[in-house]
Amino acid sequence: MISKPHAAILCSPGMGHLIPVIELAKRLVNHHNVTVTIFVVQSNTSKVESELLKAATSQKFCDIIELPLPEISGLLHPDASVVTKLSVMMREIRPAFRSAILAKDSPRPTILIVDLFGTESLPIGDELGVPKYVYIASNAWFLALTVYVPILDKEVEGEYVDQIEPLRIPGCSLVQPEEVCDPMLNRADQQYLEYVRIGGEMPRSDGILLNIWKDLQPKILDAFKDESLLGGVLKVPVYPIGPLTRAVQSPGPTGLRDGHLFNWLDKQPSESVIFVSLGSAGTLSYEQMTEMAWGLELSQQRFIWVVRPPTSKCADAAFFTLGQGDDDPSSYLPEGFLTRTREIGLVVPIWAPQVDILSHPSIGGFFSHCGWNSTLESIINGVPMIVWPLYAEQRMNATLLSDELGVALRSKVPPWKGVVEREEIKRMVRKIMVEEDGFAIRGKVNELKLSAAKALSQGGSSYNALSEVASKTK
Ligand code: UDP
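Numbering of the sequence shown is given in the numbering used here, commencing with residue 39 and proceeding in unit increments.
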């Protein structure tokens, strides 16, 4: 009897990592006849993440094995960045992952897939004698920067952010020095060394899976095939297999105690509500929160706003702590805001069912931190964006969305550089919701929505790319 191919997927902590891995698993199981075990590293800190895991486990479409994290506090400085923490966690988990994957009662994988932070586990694929892939739940420009950073590391002197000239990556748009991803902001920080290492490990895989589709970034995908461009750096194939996003009404954390939010949305006119949400980790400073509240109120547009207690510490402050502690928005929103906007807006603390909201016909715009999952969820629902990049690779994503793809507006001063004032927020919201410029952007995002759906359908480019990967399993 020939048994089904079986994929082992190693997933690092974080909602933005777990969500696309679960979707990849579903796709392999439902469309490509591959069984899957997901190995998730337990960071045990985010309540929302535990709820998502519980929900995915109860769906039983694949096995989910949680790997308890060994004690690593001695290996980390208390102020270590998210990237450093994730890198150390994924390094220290290797023995547990290896034992779990080789356990007698576990199905023997025929393919190994790791995410961005799991590249140090690629040799386990060699040990098993199976093909091994890296799943980058982001876009081709970010992949290009990642595989090219070991070269930039040798060529560029001084800090990247201090360069006068933009960074050149073969076959790609220029990267503005101040828009590099977080690990490149300070070359003396451990996260930079980890990022260069990850970039250098990518070519040791048998291929890279990207959560995009071919027609989204054809130029960069061609550069990866061209030996004289990026193909000379990354000699393994790149498979655009996306956009893989959650379906509506996915079980998991809802952030809703009742159906109030959807009852309210159902009563609003078509495309009249702007959704404001900054991913699984995003937080704003107190000052920026105040400006955001006033901007929304002054715009006189309907809104749903997912709020978190303000912090001036860092923009990804909620990464490991989402949902911990009490939250009372009236303690940090401007006095009277909740009462004055009662008729036009809803404020949801901590977490809301984003995919369900974005797919609702009353939603007409999305204030997004440009995390890649959120970006895809917006595009597949034809929702134009106002970009609000905060951390990780989001500054580049914002440029891609506003300047290259034309599906988003951006503020004059980016939010990671300074406070965006209420008047500008009001202007952007009105532009995207009620003014003509917004309609043009809406038209472009609807074109992308159609091309994404085509790519995913049977026989489409993303469907075929994942079929090809599935067929390589031994
Ligand atoms: N998300 C959600 N509700 C929230 C905030 C986030 O459902 O209130 C989901 C969102 O739909 C997306 C994911 O969390 O699927 C966030 O991933 P993304 O890549 O956009 O950003 P990250 O959190 O990794 O920065």
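Glycine included, C-beta positions come from ideal geometry on N, C-alpha and C.
Check your understanding: Among the residues of its own chain, which have a CB less than 7 Å from the CB of W332, if the five just before and after it don't count?
Key -> Taking W332 as the centre and dropping the five residues before and after it, the same chain places the C-beta of P372 and R460 closer than 7 Å to its C-beta, in chain order.
**Study point:** For Y171: DSSP bridge partner residues
**Key:** I151 and G245
Exercise for review: Could you spell out the range, first to last residue, of the beta strand (DSSP E) harbouring L48?
Suggested key: H44 to C49
Review point. Under 8 Å between the Cβ atoms of S516 and W426?
Key: Here the chain comprises residues numbered 39 to 512, so residue 516 is not present and cannot be evaluated.
Check your understanding: Around the Cβ of G409, are there at least 16 other Cβ atoms within 10 angstroms (buried) or fewer (exposed)?
Key -> buried
Review point. Cα separation between V199 and N224?
Key: 8 Å
Practice item. Please specify which runs of the alpha helix (DSSP H), each continuous and at least 4 residues long, are wholly inside the segment 396-424, giving them in chain order. Key: 410-418
Review point. Between N411 and ligand 1, is the CB less than 7 Å from at least one heavy atom?
Key: yes
Check your understanding: Taking 7 Å as the cut-off, does the CB of I57 come closer than this to any heavy atom belonging to ligand 1?
Key -> Correct: I57 has its Cβ closer than 7 Å to ligand 1.
Review point. Since R448 is in the beta strand (DSSP E), which residue starts that stretch and which ends it?
Key: A446 to R448
**Study point:** Beta-carbon gap between F77 and I103 smaller than 8 Å
**Key:** yes
Exercise for review: Put L91 into one of helix, strand or coil per three-state DSSP.
Suggested key: helix
Review point. Looking only at its own chain, which residues have a Cβ that is under 7 Å from the Cβ of S493, when we skip the five neighbours before and after it?
Key: Per the sequence presented here, residue 493 reads as Ala, with Ser not at that position. Only W251, K252, D253, S499 and S500 meet the Cβ criterion.
Review point. Leaving out the 5 sequence neighbours to the left and right, which residues in its chain are closer than 8 Å to Q80 when beta-carbon positions are compared?
Key: P51, E104, L105, P106 and L107
Check your understanding: Looking at the unbroken beta strand (DSSP E) that takes in R340, where does it start and where does it end?
Key -> R340 to V345
Point to revise | Distance between G280 and L247 (C-alpha atoms, nearest Å) | key: 9 Å
Check your understanding: From which residue to which residue does the beta strand (DSSP E) around D101 run?
Key -> D101 to P106
Check your understanding: Which residue's Cα is closest to the Cα of T283: R380, D394, D220 and V311?
Key -> D394
Exercise for review: Please say whether C210 and A182 have beta carbons closer to each other than 8 Å?
Suggested key: Yes, Cβ-Cβ distance for A182 and C210 is below 8 Å.
Practice item. Check I382 in the structure and name its three-state DSSP category. Key: Residue state for I382 is assigned as coil, using DSSP reduced to three classes.
**Study point:** Extent of the continuous beta strand (DSSP E) to which Q80 belongs
**Key:** T73 to Q80
Practice item. Taking only heavy atoms of ligand 1 into account, decide whether any of them is closer than 7 Å to the Cβ of W426. Key: Checking every heavy atom of ligand 1 against the Cβ of W426, none is found closer than 7 Å.
Review point. Looking only at its own chain, which residues have a Cβ that is under 8 Å from the Cβ of G293, when we skip the five neighbours before and after it?
Key: Summary for G293: the model assigns pLDDT 47, below 50, so the residue's position carries little reliability, and this model does not support an answer.
Exercise for review: Using a Cβ cut-off of 8 Å (strictly closer), state whether T122 contacts chain D.
Suggested key: Of the chains in the structure shown, none is chain D; there is only one protein chain.
**Study point:** The beta strand (DSSP E) enclosing S315, as first and last residue numbers
**Key:** According to the DSSP assignment, S315 belongs to the beta strand (DSSP E) that extends over V311 to S315.
**Study point:** V385 Cβ short of 7 Å to ligand 1 heavy atom set
**Key:** no
Review point. With a CB to CB cut of under 6 Å and the five nearest residues on each side skipped, what residues in its chain are close to P145?
Key: Contacts found: H44.
Check your understanding: Just to check, is the beta-carbon of Q392 closer than 7 Å to a non-hydrogen atom of ligand 1?
Key -> Correct: Q392 has its Cβ closer than 7 Å to ligand 1.
Review point. Is there contact here, the segment 465-480 with the segment 309-324, by at least three beta-carbon pairs under 8 Å?
Key: yes
Point to revise | Contact between the segment 263-272 and the segment 212-219 (3+ Cβ pairs under 8 Å) | key: No, the segment 263-272 does not touch the segment 212-219.
Review point. Quick one: Cα of V421 to Cα of E195, how far?
Key: 41 Å
Check your understanding: Going by C-alpha distance, which of Q338, A319, Q229 and G481 is nearest P347?
Key -> A319
Point to revise | First through last residue of the beta strand (DSSP E) which encompasses Y277 | key: V276 to P278
Practice item. Determine the burial state of P116: buried for a count of at least 16 other Cβ atoms within 10 Å of its Cβ, exposed for fewer. Key: exposed
Check your understanding: Hey, out of L488, Y324 and M330, whose CA is closest to S315's CA?
Key -> M330
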